[in-house]
Structures are given as C-alpha cells and as structure tokens.
C-alpha cells in the first residue's frame, strides 16, 4: 500500500501533467491506479464519465473486470455507480450476495466475484462529471477509512475532469475567435466593406439561418478554400481582421 506522501506526489503529478484535454485519460488512469493501490480492502477501481444526453462510459480501469462490472450497470440501468450519479454522493455495498437494491445487477456482479463496492459521485463546480467505482473481491465489508479514501480520490478525479473541461472550452473559444477573424477578413476583402459591416453581415447570416456565429464563419472560410484553395487562406490573403 502506498504511503501518504507517495499518494500526494502521484496525485500532484497527475494534475501537473494535465495540460491539454487529451491528457485527461492519462490523469484518470493514474488516479484509478493510485486509488486501487492505496485504498484498504479495494481490489479494482474504475472511473465512469457521464456525457450530456445520458451516455455513460468507463474511461479508466485497473482490470478488465471493472469494464465488465461497469457495463453490467449501464446495461441494466442499476447499481451503485448509477445511484451515486443520480442522487447519493457515496453508495456503499457490503455483503453483495445479500444485496436487494439492484436485482438486475447484483446476481451478475456476484458471479464475476464482487463482494463489496463503493460508488462515489464526481462533482466539481456544481457539475456532476461521473462516478468513481471501487470494487472488492476479497472483503464483504468496507471500513470507514476506505470510504474516506474513496472520497479523496473522487475529489481529485472531479477536479481533473473540471480542469480538462475548462481547458477544452478555452481552446474552443480561441479557435472560434480565430475563425471569425479570418471570415471577417475574407468578407471585407470580397465585399469591400469595413469590419463592423462584415460583422453585422455574419450576425445576420447567423440569425437568419439559426446557426451559431462560429459555424457561419467556418462556412465562409470553407467556401473560400473550396473556391481558391486552402493555401490562399493559410497565406493570409486577405489578412484576417485585427491581424
């Protein structure tokens, strides 16, 4: 089992390595591994991510059986993971073979070897990102220390997911701004208008077609590249507005 200093160092490194949205999987994998190695009585750990629209997927796992147990919950629509997501912050299951709350999930889970389980909701900035799932195949009971440790790791996972989302939003915003700037420059050159008039033109197109402004701008750029080739835009002729 990892010492407290080793746990802190591993979690700090996972956070430090999260510089791009695509780094999230590696960070979650580290958190799952550290949680598995350092939480008393726990043999396997997984992290489930909830997407807008209701889809749930397992993004990190320490053993293939985690994927099977998670999928069993997704398929049956029952289990500690889903209950943690929907209502309770921490869902504790002990003596799984006697559990009555999820009749569609428990029999299959017990056949896979489950004896006890924790599902912990991942919250950050009032947003639910998913759940941390901790499985024991070796103990029918879970200590209070195990619950406390699970909440610590859930907090780190939620913070990592929130950070990755903010990075992604910022990147998308910067990309949108760049595309809109290029589109304005193209319109100013093509229609021989100034920047405010070009922006008004884009916003009218956006309103009349009920399309987001960045998507309208992207279509202007795509149309230009289709007519004159991508090199014309990349070469900066005409220059984007504000360049």
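Residue numbers (my numbering): 165 to 407. Note that beta-carbon positions come from the ideal geometry of N, C-alpha and C, so glycine has one too.
Cβ-based burial, residue i [other Cβ within 10 Å; buried from 16]
i           : result
residue 210 : buried
residue 235 : exposed
residue 388 : buried
residue 367 : exposed
residue 356 : exposed
residue 276 : exposed
residue 243 : buried
residue 374 : exposed
residue 337 : exposed
residue 218 : exposed
residue 237 : buried
Nearest candidate by alpha-carbon position, reference residue i, set the options
i           : options            : result
residue 286 : 190, 375, 324      : 324
residue 269 : 247, 316, 251      : 247
residue 223 : 293, 319, 375, 376 : 293
residue 312 : 253, 240, 238      : 253
residue 317 : 198, 341, 190, 189 : 198
residue 251 : 226, 291, 217      : 291
residue 196 : 255, 295, 288      : 295
residue 362 : 347, 189, 271      : 347
residue 216 : 372, 354, 329      : 329
residue 314 : 201, 189, 187, 191 : 201
residue 255 : 190, 228, 321, 308 : 308
Simplified DSSP state of residue i, which is helix, strand or coil
i           : result
residue 345 : helix
residue 378 : helix
residue 269 : coil
residue 253 : coil
residue 224 : strand
residue 211 : strand
residue 264 : coil
Contacts around residue i, its chain only, beta-carbon distance under 7 Å, and the 5 residues preceding and following it disregarded
i           : result
residue 339 : none
residue 343 : 378, 381, 382, 385
residue 233 : 273, 276, 278, 299
residue 304 : 258, 259, 279, 280
residue 319 : none
residue 225 : 196, 210, 231
residue 240 : 268, 269
Own chain residues within Cβ distance below 8 Å of residue i, not counting five before or after
i           : result
residue 358 : 352
residue 310 : 203, 204, 205, 206, 282, 298
residue 392 : none
Neighbourhood of residue i by C-beta distance below 6 Å, restricted to the same chain and skipping five residues each side
i           : result
residue 230 : 208, 210
residue 370 : 377, 380
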